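What follows is a single structure, written as structure tokens, with notes after it.
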Amino acid sequence: VISPAAPKPNLTMNSSSSSSRSNSRTTLGIPTRCWCGSKLTTFGAQTKENLYRRFYRCEIGVKKQSEHHLFKWIDEAIIDEINMLDSKQCQLQVDVQTFKNTMTQRLQDHGKHIDEALLEMKRFMHDQTAMLAEIKRCSTQDNAAPVTEASLASLTNATYVTKSPSTF
1 VISPAAPKPN LTMNSSSSSS RSNSRTTLGI PTRCWCGSKL TTFGAQTKEN LYRRFYRCEI
61 GVKKQSEHHL FKWIDEAIID EINMLDSKQC QLQVDVQTFK NTMTQRLQDH GKHIDEALLE
121 MKRFMHDQTA MLAEIKRCST QDNAAPVTEA SLASLTNATY VTKSPSTF
């Protein structure tokens, strides 16, 4: 049994070795399992070119180097992981900015609707106040006719037709 902590004789990994020794399989980031399903262990290379350079490999791949098992340099795996995280962080920044812009636009739209409703309420209050003042004026005159429902309706209709926003 090969111990992961002990130096391994006869490992022939060098700096030109690909992180994926299989022609069709690649692993991005830090791998956790070999393609065969075995857990990975870290080993130190024993070649002159990569002396003690750490790599991921399953026990089967170390014993049977002729088979295609996952091989990945640890430093390359960490760089892959950093690049993936950097890409995710950039996408999150874009998503946050898009969300911020969308929410800002929605809040502005809601603000416009609130302002329009407030203006309409002010118009209504102004019209009601003017109508009440007209009723009081008519009722204080000595020869005033009694206020009827028809006269109130005519005052209300006249108020909405004759008032404009510039009169406030």
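Following the UniProt record's numbering, the numbering of the sequence shown begins with 1 at its first residue and continues without gaps.
We put the CB at the ideal spot given by N, CA and C, even for glycine.
Predicted model only: the values in this text are computed from it and were never measured.
query	result
Beta bridge counterpart(s) of F99 as assigned by DSSP	DSSP output for F99 lists no bridge partner at all.
Y56 versus R106 - alpha carbon distance	50 angstroms
Those runs of the beta strand (DSSP E) which lie wholly inside the region 70-94 and span at least 3 residues	71-73
For C34, three-class secondary structure by DSSP	coil
Cross-strand partners of R57 (DSSP beta bridge)	T41 and F71
Own chain, CB closer than 6 angstroms to G61, minus 5 neighbours either side, in chain order	H69
Distance between K88 and K63 (C-alpha atoms, nearest Å)	37 angstroms
Nearest-angstrom Cα separation, counted from D95 out to G111	24 angstroms
Environment of A45 [buried if 16+ CB atoms lie within 10 Å]	buried
Where L28 sits in the DSSP three-state scheme	coil
Beta-carbon spacing of L40, C58 below 8 angstroms	yes
Outcome for C36 when other beta-carbon atoms lying within 10 angstroms are tallied against a minimum of 16	exposed
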